[in-house]
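> Under the UniProt record's numbering, the sequence shown has 25 at position 25, and the numbering climbs by one with no breaks.
Here you go, one structure.
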Amino acid sequence: MDRIIEKSDLGWWIVSHEQKLWLPSGTLPYGAAETFDLVGLPALRIGEWQGDPVWLIQQSRRHDMGSVRQVLDLDAGLFQLAGRGVQLAEFYRSHKFCGYCGHTMHPSKTESAMLCSHCRERYYPQIAPCIIVAIRREDSILLAQHTRHRNGIHTVLAGFVEVGETLEQAVAREVMEESSIRVKNLRYVTSQPWPFPMSLMDGVYGGLR
């Protein structure tokens, strides 16, 4: 729930607009609100990091707006919260009007959602599940060069999960499409929120069939 920032408020400040992040001095701002001229602005508390609150302010600043990629070197937990803030700011910005009836919507007071008072429709942030897969054979691993990368960069294979697919089916399809290789012995490893723009990466190991 939004509240107005006061002089006494401190913590980590995620100031975001149109998928950009405010990065004064090149990093995520931390400290008292008045230090960063944030007093009086509406803010949403979206988490906590090492005992201090993490605040989201939906606003563009004249200078120092950058990509969340610029803070990839933050601790994983803090980077995750920065990504959460950027994604929520974009969700609220892009859902000001109901897609069904066109009326103005408002944020829920109890969860991350936008509500339409006219038709009672409820919208949640949409997350795009993706797979990223390491296909191994003995001491070798399958790498590919994407058509976007003509500078020598090779990566493991990745792609979006399509409607109606399982993660396993998505892995098999993506690997076949990109390398004409059939896979077996798929094993889930880990997952990671990936705010580019609103993905959830699912890491998988696999072998050649």
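Glycine included, C-beta positions come from ideal geometry on N, C-alpha and C.
Values in this document were obtained by computation on a predicted structure and should not be read as measured data.
Quick one: is Asp202 buried, meaning 16 or more other Cβ sit within 10 Å of its Cβ, or exposed?
Under this definition Asp202 is a buried residue.
> Please give the ranges of any alpha helix (DSSP H) in the region 58-141, keeping only runs that are unbroken, at least 4 residues long and fully inside the region.
Secondary structure in the region 58-141: the alpha helix (DSSP H) runs of 4 residues or longer, each lying completely within the stretch, are 76-94 in chain order.
> Shortest alpha-carbon distance to Leu72 belongs to which of Pro129, Leu23, Ile181?
Leu23
> Can you give the beta carbon distance from Ala82 to Ile14, rounded, assuming they're within the 8 Å contact cut?
6 Å
> In three-state DSSP terms, what is Glu48?
strand
> Thinking C-alpha only, which one of Arg173, Thr190, Ser191 is nearest Val183?
Arg173
> Count the CB pairs spanning the region 80-94 and the region 52-59 that are closer than 8 Å, and state whether there are at least three.
Here the region 80-94 lies against the region 52-59, with 3 or more beta-carbon pairs under 8 Å apart.
> Distance check for Leu200 and Gln126, CA to CA, integer angstroms please.
10 Å
> Among the residues of its own chain, which have a CB less than 7 Å from the CB of Gln192, if the five just before and after it don't count?
Met201
> May I have the straight-line CA-CA distance separating residue 232 from Gly51, to the nearest angstrom?
The structure shown does not extend to residue 232, since the chain spans only 1 to 209, so no value can be given for it.
> Are the region 118-134 and the region 97-104 touching, with three or more C-beta to C-beta distances below 8 Å?
yes
> Look at the alpha carbon of Arg69 and the alpha carbon of Ile46, and state the distance between them as a whole number of angstroms.
20 Å
> Between Ala158 and the rest of its own chain, which residues show a CB-CB distance below 8 Å, the 5 nearest in sequence each way excluded?
Cys130, Ile131, Ile132, Val133, Glu174, Met201
> To the nearest angstrom, how far is it from the Cα of Gln169 to the Cα of Val204?
12 Å
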